[in-house]
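Peer 1:
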Amino acid sequence: RKEVEQDPGPFNVPEGATVAFNCTYSNSASQSFFWYRQDCRKEPKLLMSVYSSGNEDGRFTAQLNRASQYISLLIRDSKLSDSATYLCVVIATGTYKYIFGTGTRLKVLA
Amino acid sequence: NAGVTQTPKFRVLKTGQSMTLLCAQDMNHEYMYWYRQDPGMGLRLIHYSVGEGTTAKGEVPDGYNVSRLKKQNFLLGLESAAPSQTSVYFCASSYGLTLNQETQYFGPGTRLLVL
Numbered sequence: 024r025k026e027v028e029q030d031p032g033p034f035n036v037p038e039g040a041t042v043a044f045n046c047t048y049s050n051s052a053s054q055s056f057f058w059y060r061q062d063c064r065k066e067p068k069l070l071m072s073v074y075s076s077g078n079e080d081g082r083f084t085a086q087l088n089r090a091s092q093y094i095s096l097l098i099r100d101s102k103l104s105d106s107a108t109y110l111c112v113v114i115a116t117g118t119y120k121y122i123f124g125t126g127t128r129l130k131v132l133a
Numbered sequence: 075n076a077g078v079t080q081t082p083k084f085r086v087l088k089t090g091q092s093m094t095l096l097c098a099q100d101m102n103h104e105y106m107y108w109y110r111q112d113p114g115m116g117l118r119l120i121h122y123s124v125g126e127g128t129t130a131k132g133e134v135p136d137g138y139n140v141s142r143l144k145k146q147n148f149l150l151g152l153e154s155a156a157p158s159q160t161s162v163y164f165c166a167s168s169y170g171l172t173l174n175q176e177t178q179y180f181g182p183g184t185r186l187l188v189l
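Chains as they are written, first to last, in our numbering: chain Y, 24 to 133; chain Z, 75 to 189.
1) With 9 Å as the C-beta to C-beta threshold (strictly closer), list the residues of the segment 109–123 of chain Z near chain Y in chain order.
2) Can you tell me where the beta strand (DSSP E) with Asp100/Y in it begins and where it stops?
3) What's the gap between the Cα of Leu152/Z and the Cα of Pro135/Z?
4) If you draw a straight line from the alpha carbon of Ala90/Y to that of Ser51/Y, how long is it in whole angstroms?
5) Run down chain Y in chain order and give the residues with a C-beta less than 7 Å from the C-beta of Gly183/Z.
6) How should Glu66/Y be labelled, buried or exposed, when 16 other C-beta atoms within 10 angstroms of its C-beta is the threshold for buried?
7) Since Leu119/Z and Glu133/Z are thought to touch, with beta carbons under 8 Å apart, how far apart are those beta carbons, to the nearest angstrom?
8) Quick one: which chain Z residues come within Cβ less than 7 Å of Leu69/Y?
9) Taking the C-alpha atoms as reference points, what is the distance between Val112/Y and Asp105/Y?
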């Protein structure tokens, strides 16, 4: 089983739609979680951290479910500019080890 | 603040040639990392450094060497390039490993093609 798993997609959604991605992780000792965004042929950029209580940043909401070992990302009112690959990252606090998922590709259609 | 920069942006090598990729950061970060990204695979850690003068192996270190002579720079070397090293290489840095310090910031990447 991969340490971090994501549905590769693509998720094709119309502008204005709400879309959600999940990411499952296998190491129950994982302490820190992030969502990164990666545009085609560009570097990954931090989208948001995922806290135990969940967090929201504008149209984006991230949640953590420790019992089922997954994190989620919800995007409301999708924009064309949201088209990108979304990478899930899991680490055990105190270690160097960032474990990346292979990413979920989102295409927002006009 | 330039953040994390990488040179070169793109390079073509012949099998057996050597080259060095340079990563520089101006955020006074202690930790620096080299990753490679291949289609269908997540980013994989090659080598990392927890401070000036230190280096350590990551998940896929074979065929690569690194040096961290200055805090702000982290060099990745390929002594004898192989086609399997064709990839996109990303450098990243972070302030530390404790909560809220562990966020990694990435450079723009170097695309390497080995023929």
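Glycine included, C-beta positions come from ideal geometry on N, C-alpha and C.
Everything numeric in this text was worked out from a predicted model, so none of it was measured.
Peer 2: Walking through what the data contain:
1) Tyr109, Gln111, Gly114, Met115, Gly116, Leu117, Arg118, Leu119, Tyr122
2) Translated into positions along the first sequence, residue 100/Y becomes position 77. Per DSSP, Asp100/Y belongs to no beta strand (DSSP E) and is neither H nor E.
3) Here residue 152/Z is taken as the residue at index 78 of the second sequence, counted from 1. Here residue 135/Z is taken as the residue at index 61 of the second sequence, counted from 1. Their Cα atoms are separated by approximately 11 Å.
4) For this step, residue 90/Y is matched to residue 67 along the first sequence. For this step, residue 51/Y is matched to residue 28 along the first sequence. Straight-line Cα distance between these residues: approximately 9 Å.
5) As a first step, residue 183/Z must be located in the second sequence, where it is residue number 109. In chain order: Glu66.
6) Translated into the one-based positions of the first sequence, residue 66/Y becomes position 43. When all chains shown are included, Glu66/Y counts as buried.
7) Your numbering for residue 119/Z matches position 45 in the second sequence. Your numbering for residue 133/Z matches position 59 in the second sequence. Confirmed, Cβ separation roughly 5 Å.
8) By one-based count along the first sequence, residue 69/Y stands at place 46. In chain order: Thr177.
9) Here residue 112/Y corresponds to residue number 89 of the first sequence, with the count starting at 1. Here residue 105/Y corresponds to residue number 82 of the first sequence, with the count starting at 1. Going from the Cα of Val112/Y to the Cα of Asp105/Y covers about 19 Å.
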